[in-house]
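In mature numbering (1 follows the signal peptide of the UniProt record, and there is no 0), the protein residues as written are -28 to -1, 1 to 271. Ideal Cβ positions, reconstructed from N, Cα and C, are used throughout, including at glycine.
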């Protein structure tokens, strides 16, 4: 009798473990409510403060540190006054909104010629924007939350080294330094493939636009799904975000109307355990269309 009772209890325990495991899987999928947006490339998009006050975004990425490696550093925030950005960063952070610095972009002059180059860039970013103490800091004593790699040209070498050096700096600071990336959807990304293989990236905002081969559109749903699944399975330790233009005019291709995103696309991507949310280019275009407001309930 005691043996049978013990056996039954053991079986019940196993069933509970299996059930909890299944519930854990379910909890890891579905809506997150998280929207990342790029800010800084259009003066008429309004202030960073207003972007965060909208309560639409969980992360805002400042675009861009456009020149680095082999030349002078250049921070390009269009005509946004740097003196106002520092207090705005603190305001965003007070609302639990992450503020990251994007490096690279489509028009900048940048490359890394060596590991020494990568270390110099990491040191500069740490000292000027993160937890370091450079004499000249464009945002004053505001400390950004991390760095987003948006590398679109200039060679693919040594971005793995840059990620490692930034992670090393993170160990010195009082708070975590988030490392994220924005690769193109063809896999592997020709610029960031090697860096992403390090497993050091907390989040990856995959650009499913300007790439018809893997963007969502009628007649390309299967290819889109394969591309998404390839990205999420290859980055099991990273949260993967679906990157989209917030308006037709924001990109050459890849725009998905809000109703289509909610009814057809999100049900596909939210099946993945490491689905993180969506990324939008950009705050300016989002203001024109109200894209994030239209989809946030479903994200």
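Alpha-carbon spacing of residue i relative to residue j, whole angstroms
| i | j | result |
| --- | --- | --- |
| residue 214 | residue 33 | 15 Å |
| residue 51 | residue 247 | 34 Å |
| residue 108 | residue 117 | 18 Å |
| residue 91 | residue 133 | 8 Å |
| residue 62 | residue 70 | 10 Å |
| residue 272 | residue 44 | Since the first and last residues shown for the chain are -28 and 271, residue 272 lies out of range. |
| residue -5 | residue 40 | Low per-residue confidence applies at residue -5: pLDDT is 37, beneath 50, and the placement is therefore not dependable, though the value from the model is reported in the following sentence. Spanning the two alpha carbons is a distance of roughly 43 Å. |
| residue 261 | residue 255 | 10 Å |
| residue 138 | residue 28 | 29 Å |
| residue 162 | residue 26 | 35 Å |
| residue 48 | residue 209 | 31 Å |
| residue 243 | residue 237 | 11 Å |
| residue 230 | residue 267 | 6 Å |
| residue 12 | residue 226 | 22 Å |
| residue 66 | residue 30 | 12 Å |
| residue 156 | residue 184 | 11 Å |
| residue 6 | residue 251 | 9 Å |
| residue 234 | residue 212 | 18 Å |
| residue 263 | residue 182 | 18 Å |
| residue 174 | residue 131 | 15 Å |
| residue -25 | residue 2 | Per-residue confidence for residue -25 stands at a pLDDT of 40, beneath the threshold of 50, marking its modelled position as unreliable; no derived number is given. |
| residue 60 | residue 20 | 6 Å |
| residue 129 | residue 170 | 13 Å |
| residue 58 | residue 106 | 15 Å |
| residue 89 | residue 53 | 29 Å |
| residue 197 | residue 186 | 8 Å |
| residue 253 | residue 245 | 24 Å |
| residue 68 | residue 249 | 16 Å |
| residue 147 | residue 172 | 16 Å |
| residue 239 | residue 220 | 22 Å |
| residue 265 | residue 87 | 43 Å |
| residue 312 | residue 201 | Given a span of -28 to 271 for the chain in the structure shown, any question on residue 312 remains unanswerable. |
| residue 78 | residue 96 | 21 Å |
Candidates the options: closest to residue i by CA position
| i | options | result |
| --- | --- | --- |
| residue 122 | 135, 110, 111 and 115 | 135 |
| residue 224 | 130, 171, 93 and 180 | 180 |
| residue 141 | 176, 94, 87 and 55 | 94 |
| residue 100 | 249, 186, 114 and 88 | 114 |
| residue 23 | 42, 53 and 64 | 64 |
| residue 81 | 42, 253 and 269 | 42 |
| residue 205 | 221, 16 and 241 | 241 |
Residue j beta carbon less than 8 Å from that of residue i
| i | j | result |
| --- | --- | --- |
| residue 207 | residue 168 | yes |
| residue 76 | residue 124 | yes |
| residue 4 | residue 271 | yes |
| residue 74 | residue 35 | yes |
| residue 72 | residue 119 | yes |
| residue 203 | residue 159 | yes |
| residue 176 | residue 194 | no |
| residue 103 | residue 145 | yes |
| residue 218 | residue 257 | yes |
| residue 38 | residue 46 | yes |
| residue 83 | residue 18 | no |
| residue 228 | residue 188 | yes |
Range of the contiguous alpha helix (DSSP H) that encloses residue i
| i | result |
| --- | --- |
| residue 76 | Segment 70 to 77 is the beta strand (DSSP E) holding residue 76; no alpha helix (DSSP H) there. |
| residue 241 | 238 to 241 |
| residue 165 | 165 to 168 |
| residue 153 | No alpha helix (DSSP H) holds residue 153; the beta strand (DSSP E) holding it covers 150 to 153. |
| residue 252 | From DSSP, residue 252 is part of no alpha helix (DSSP H) but of the beta strand (DSSP E) over 247 to 253. |
| residue 89 | 87 to 101 |
| residue 213 | It is not in any alpha helix (DSSP H) - residue 213 instead sits in the beta strand (DSSP E) that spans 211 to 217. |
| residue 65 | 54 to 66 |
| residue 175 | First-last for residue 175: 175 to 179, but that is the beta strand (DSSP E), not the alpha helix (DSSP H). |
| residue 202 | 193 to 206 |
| residue 131 | 131 to 142 |
| residue 25 | 20 to 25 |
Residue range of the beta strand (DSSP E) that includes residue i
| i | result |
| --- | --- |
| residue 8 | 7 to 11 |
| residue 31 | 31 to 40 |
| residue 265 | Note, residue 265: premise wrong, no beta strand (DSSP E); alpha helix (DSSP H) at 263 to 267. |
| residue 122 | 118 to 123 |
beta-carbon residue i near the ligand SAM non-hydrogen atom, thresh 7 Å
| i | result |
| --- | --- |
| residue 254 | As far as ligands go, the structure on display features none, and thus does not contain the ligand SAM. |
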